[in-house]
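Chains as they are written, first to last, in our numbering: chain A, 1 to 327; chain B, 1 to 338.
Glycine included, each C-beta is placed from N, C-alpha and C at the ideal position.
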């Protein structure tokens, strides 16, 4: 499956939005955290898991989705949320803990919920899988259109919830696609020391569904395979498991010294940064550099607007903490 | 902070936990560790630092993110003659592996009529206050203490942290060892300095099931554990300025619960405030109050009070979370209402 020109440019621009967003969040996150790094300080407190480098996965998959489709995301959700069309201003405001945020400040960066585009999150590993099955089952039972995509990391593929959900999806032929972002690190533990098989796509066989492995963090290849899997789900042919090689250019969370990384790994990953790589390819395919510059500027402007919106928004009254437990 | 006398050796809780495990591993070859990022990384909260380098990857085992698998495996290894210490990185993650904990670890001894034992330690981090939101900030003390068959401890300082870990490893029963992130001595988690105290180098045990009166007083008893003890001590300092003499009881253990120390203290002061960062309802605070009132309600000069976490999931935004957390102001306000 090949992307149209429009899809390609959307993918590129969305990757740039995601990257600029992470860069902006990183900058704000560090405010108030120097010279001594204290997670509790600054305009954005708590843990912060950046997705720099993993953008191709989000855009290659979400290019095939629209608002009615469900996405369940991970503790590292920003690129997935942006590609799914979560409101960027309200997402930024949530990360700042403001009243205008998606959840009025109750959820924060690991718990982004935007029902308008069927986007949900969990900070618990592999807990994207079961809910995606449920959303897919609901569509099937109600004979409504739309499919579900669960994103997870390669570390989550060793969690019971992953295996149980895959079996459910397989036995019930659910319209769901499981997308593993294989950045090869579960915090400090490499995939090779945590996973009994080199590639998780082979595990699909145990659950009666096709499995694919996509090397190279390549948005074109991701678009192709994800498009086939999503079309298959839409056609009622059942679930697919896809594992995608991607790169975590940042630490597990901000403040991670990353001493576990082999020497030179980061440099090698940055040399393969998917965003400049895609830009080069687009130019080689005949897209004018100026038109890409325009997209990049537009992306920067969107991010700047979202950050300003978040900064300028008010905090909710603190007593809002006691509301929204029940509807 | 004042300079410390040179004969003191002040350790953080993280360091004290690691030292206890190190000494137990040196002493007993059946002790080994399993958990996520406890190897070369030294534990996310620093409590296994240096152990991988000393004991290697067979005895300090990084695991996949498979809590049901490795905690169940610890149950099996413990029943087969070893003394595993396993880490559940955040207590909030118990949801993915609770069967291994409360249906296996906690019950196998009883099911076997006491003929089998499960000598393992499950250490897990608790507590919020640094905006990590509702899946990484809970305490859940009451959840674990409620279910029979496992001992539950939570240190408020490094001295107790070391002695409790030593006692937990040597105990022939499963022990849940809950350490509060805000007491770990890691600056990046906004640490409470009062938890970093003089800690002897030689090995020693702190008795599981024995509470400590950490400050004597006459007018009111403040009962807490872990971070609650520090909030109570700060409140006691400020109450003292007003001429109110508060006694502070550090529970140290939830199971077994040292009811006698609490009862004796309240018999003396006549007033009880329980400080608990766990949810308000159905938890430790209710249990402590019931303990006192069931024993002899006539000893109370006022209705008991509790300063707890309200019954809501933990919000992310700093000001919302701070509204919910126990603090010295709330303890003093509770006293004033008595």
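Should residue 126 of chain B and residue 179 of chain B be called a contact, given that it needs their Cβ atoms to be closer than 8 angstroms?
For the purposes of this step, residue 126 of chain B is identified with residue 126 of the second chain, where counting begins at 1. For the purposes of this step, residue 179 of chain B is identified with residue 179 of the second chain, where counting begins at 1. Taking 8 angstroms as the Cβ cut-off, residue 126 of chain B and residue 179 of chain B qualify as a contacting pair.
Under 7 angstroms between beta-carbons, which chain A residues line up against residue 312 of chain B? List them in chain order, please.
Taking the second chain and counting its residues from 1, the one referred to as residue 312 of chain B is at position 312. Neighbours of residue 312 of chain B on chain A, chain order: 321, 322, 325.
Which chain A residues are close to residue 130 of chain B, counting only those with a beta carbon under 7 angstroms from its beta carbon?
The count along the second chain starts at 1 and reaches residue 130 of chain B at position 130. Going along chain A in sequence order, the residues near residue 130 of chain B (Cβ under 7 angstroms) are 39, 40, 45, 46.
Segments assigned alpha helix (DSSP H), at least 4 residues, entirely inside the stretch 167 to 225 of chain A:
191 to 194
Straight-line Cα distance separating residue 72 of chain B from residue 97 of chain B:
Here residue 97 of chain B refers to the residue found at position 97 when the second chain is read from its first residue. Here residue 72 of chain B refers to the residue found at position 72 when the second chain is read from its first residue. The alpha-carbon atoms of residue 97 of chain B and residue 72 of chain B are separated by roughly 9 angstroms.
Considering Cα atoms alone, identify which of B:177, B:279, B:327, B:336 is closest to residue 322 of chain A.
For the purposes of this step, residue 322 of chain A is taken as residue 322 along the first chain, with counting starting at 1. Closest by alpha carbon: B:279.
Cβ pair count under 8 angstroms reaching 3, the stretch 46 to 54 of chain B against the stretch 193 to 209 of chain A:
no
Relative to the alpha-carbon of residue 338 of chain B, which residue among B:296, B:24, B:252, B:273 has its alpha-carbon at the smallest distance?
For the purposes of this step, residue 338 of chain B is taken as residue 338 along the second chain, with counting starting at 1. Nearest of B:296, B:24, B:252, B:273 to residue 338 of chain B, Cα basis: B:273.
In the DSSP assignment, the alpha helix (DSSP H) including residue 344 of chain B goes from what residue to what residue?
Past the boundaries of the shown model lies residue 344 of chain B; chain B is included only from 1 to 338, so the question cannot be answered.
Buried/exposed call for residue 112 of chain A, threshold 16 Cβ in 10 Å
Here residue 112 of chain A refers to the residue found at position 112 when the first chain is read from its first residue. By the neighbour-count rule (16 or more Cβ atoms within 10 Å), residue 112 of chain A is buried.
Between residue 64 of chain A and chain B, is there a C-beta pair that is closer than 8 angstroms?
Taking the first chain and counting its residues from 1, one reaches residue 64 of chain A at position 64. False, the Cβ-Cβ gap to chain B never drops below 8 angstroms.
Expressed to the nearest angstrom, what Euclidean distance is found between the alpha-carbon atoms of residue 4 of chain B and residue 183 of chain B?
If you number the second chain from 1, residue 4 of chain B lands on position 4. If you number the second chain from 1, residue 183 of chain B lands on position 183. For residue 4 of chain B, the predicted model reports a pLDDT of 48, less than 50, meaning its position is unreliable and no value from the coordinates is stated.
Cβ distance (whole Å) where residue 160 of chain B is taken to contact residue 252 of chain B below 8 angstroms
Looking up residue 160 of chain B in the second chain gives position 160. Looking up residue 252 of chain B in the second chain gives position 252. Right, their Cβ atoms sit about 6 angstroms apart.
Taking the alpha carbon of residue 236 of chain A as the point to measure from, which residue in A:294, A:59, A:283, A:140 has its own alpha carbon closest?
By 1-based counting over the first chain, the position of residue 236 of chain A is 236. It is A:140 whose Cα lies nearest to the Cα of residue 236 of chain A.
Near residue 194 of chain B, which residues of its chain fall below 6 angstroms by C-beta distance, leaving aside the five closest residues on each side in sequence?
Translated into positions along the second chain, residue 194 of chain B becomes position 194. Closer than 6 angstroms at the Cβ level, and outside the excluded window around residue 194 of chain B, lie 230.
Starting from the Cα of residue 163 of chain B, find the closest Cα among B:39, B:258, B:115, B:22 and give me that residue.
As a working mapping, residue 163 of chain B is identified with position 163 in the second chain. It is B:22 whose Cα lies nearest to the Cα of residue 163 of chain B.
Just confirm the distance between the C-beta atoms of residue 133 of chain A and residue 161 of chain A, as a whole number of angstroms; I'd bet it's less than 8 angstroms.
Here residue 133 of chain A is taken as the residue at index 133 of the first chain, counted from 1. Here residue 161 of chain A is taken as the residue at index 161 of the first chain, counted from 1. Wrong, their Cβ atoms sit about 10 angstroms apart, outside the cutoff.
To the nearest angstrom, how far is it from the Cα of residue 122 of chain A to the Cα of residue 108 of chain A?
For the purposes of this step, residue 122 of chain A is identified with residue 122 of the first chain, where counting begins at 1. For the purposes of this step, residue 108 of chain A is identified with residue 108 of the first chain, where counting begins at 1. Spanning the two alpha carbons is a distance of roughly 11 angstroms.
Report the neighbours of residue 193 of chain A on chain B: residues whose CB is nearer than 7 angstroms to its CB, in chain order.
By one-based count along the first chain, residue 193 of chain A stands at place 193. Neighbours of residue 193 of chain A on chain B, chain order: 62.
Which value, in whole angstroms, describes the spacing of the CA atoms of residue 313 of chain B and residue 88 of chain A?
The residue given as residue 313 of chain B occupies position 313 in the second chain. The residue given as residue 88 of chain A occupies position 88 in the first chain. C-alpha separation (whole angstroms): 25 angstroms.
Output yes or no for whether 8 angstroms exceeds the beta carbon distance between residue 250 of chain A and residue 38 of chain A.
Taking the first residue of the first chain as position 1, residue 250 of chain A is located at position 250. Taking the first residue of the first chain as position 1, residue 38 of chain A is located at position 38. No. Outside cutoff.
Under 8 angstroms, do residue 206 of chain B and residue 249 of chain B count as touching if we go by C-beta distance?
In the second chain, the residue the question calls residue 206 of chain B occupies position 206. In the second chain, the residue the question calls residue 249 of chain B occupies position 249. No, these two residues do not count as a Cβ contact at 8 angstroms.
Contacts that residue 187 of chain A makes with chain B (C-beta to C-beta distance below 8 angstroms)
Along the first chain, one-based indexing puts residue 187 of chain A at 187. Going along chain B in sequence order, the residues near residue 187 of chain A (Cβ under 8 angstroms) are 36, 37, 41, 44.
Restricting to runs no shorter than 3 residues, where is the beta strand (DSSP E) found entirely within the stretch 55 to 141 of chain B?
60 to 62, 83 to 90, 121 to 126
Could you list the residues in the stretch 75 to 92 of chain A with a C-beta less than 9 angstroms from some C-beta on chain B, going in chain order?
75
Is the shortest distance between the beta-carbon of residue 323 of chain B and the beta-carbons of chain A less than 8 angstroms?
By 1-based counting over the second chain, the position of residue 323 of chain B is 323. For residue 323 of chain B, the answer is yes, since a Cβ of chain A falls inside 8 angstroms of its Cβ.
Buried or exposed for residue 282 of chain B, please, with buried defined as at least 16 other CB atoms from any protein chain shown within 10 angstroms of its CB.
Taking the second chain and counting its residues from 1, one reaches residue 282 of chain B at position 282. By the 10 Å Cβ count, residue 282 of chain B comes out exposed.
Taking only three categories from DSSP, how would you classify residue 30 of chain B?
For the purposes of this step, residue 30 of chain B is identified with residue 30 of the second chain, where counting begins at 1. It is coil, neither helix nor strand.
In chain A, which residues lie with their C-beta within 7 angstroms of the C-beta of residue 315 of chain B?
Stepping through the second chain from its first residue, residue 315 of chain B is reached at position 315. Under the 7 angstroms cutoff, chain A gives 105, 106, 321.
Residue 211 of chain B - DSSP class collapsed to helix/strand/coil
Residue numbering aside, residue 211 of chain B sits at position 211 when the second chain is read from its first letter. Residue 211 of chain B: coil per DSSP, three-state reduction.
Residue interval of the beta strand (DSSP E) (run including residue 272 of chain B):
Position 272 of the second chain, counted from the first residue, corresponds to residue 272 of chain B. Looking at the DSSP string, the run of the beta strand (DSSP E) that includes residue 272 of chain B is 272 to 279.
May I ask which residues mark the beginning and end of the beta strand (DSSP E) holding residue 253 of chain B?
What you label residue 253 of chain B is simply residue 253 of the second chain in a count that begins at 1. Looking at the DSSP string, the run of the beta strand (DSSP E) that includes residue 253 of chain B is 253 to 255.
Residue 283 of chain A versus residue 13 of chain A: straight-line alpha-carbon distance, rounded
For the purposes of this step, residue 283 of chain A is identified with residue 283 of the first chain, where counting begins at 1. For the purposes of this step, residue 13 of chain A is identified with residue 13 of the first chain, where counting begins at 1. Those two C-alpha atoms are separated by around 14 angstroms.
Rounded to whole angstroms, what is the Cα-Cα separation between residue 10 of chain A and residue 269 of chain A?
Along the first chain, read from residue 1 onward, the residue named residue 10 of chain A stands at position 10. Along the first chain, read from residue 1 onward, the residue named residue 269 of chain A stands at position 269. Taking the straight line joining both Cα atoms gives about 24 angstroms.
Could you check whether residue 136 of chain A and residue 147 of chain A sit closer than 8 angstroms to each other, using their CB atoms as the reference points?
Residue mapping note: residue 147 of chain A aligns to position 147 of the first chain, counting from 1. Residue mapping note: residue 136 of chain A aligns to position 136 of the first chain, counting from 1. Yes; because the gap between Cβ atoms is below 8 angstroms, this pair is in contact.
Run the proximity test for residue 111 of chain A: is its beta-carbon closer than 7 angstroms to any non-hydrogen atom belonging to the ligand PLP?
Absent from the structure shown: the ligand PLP. Ligands present: none.
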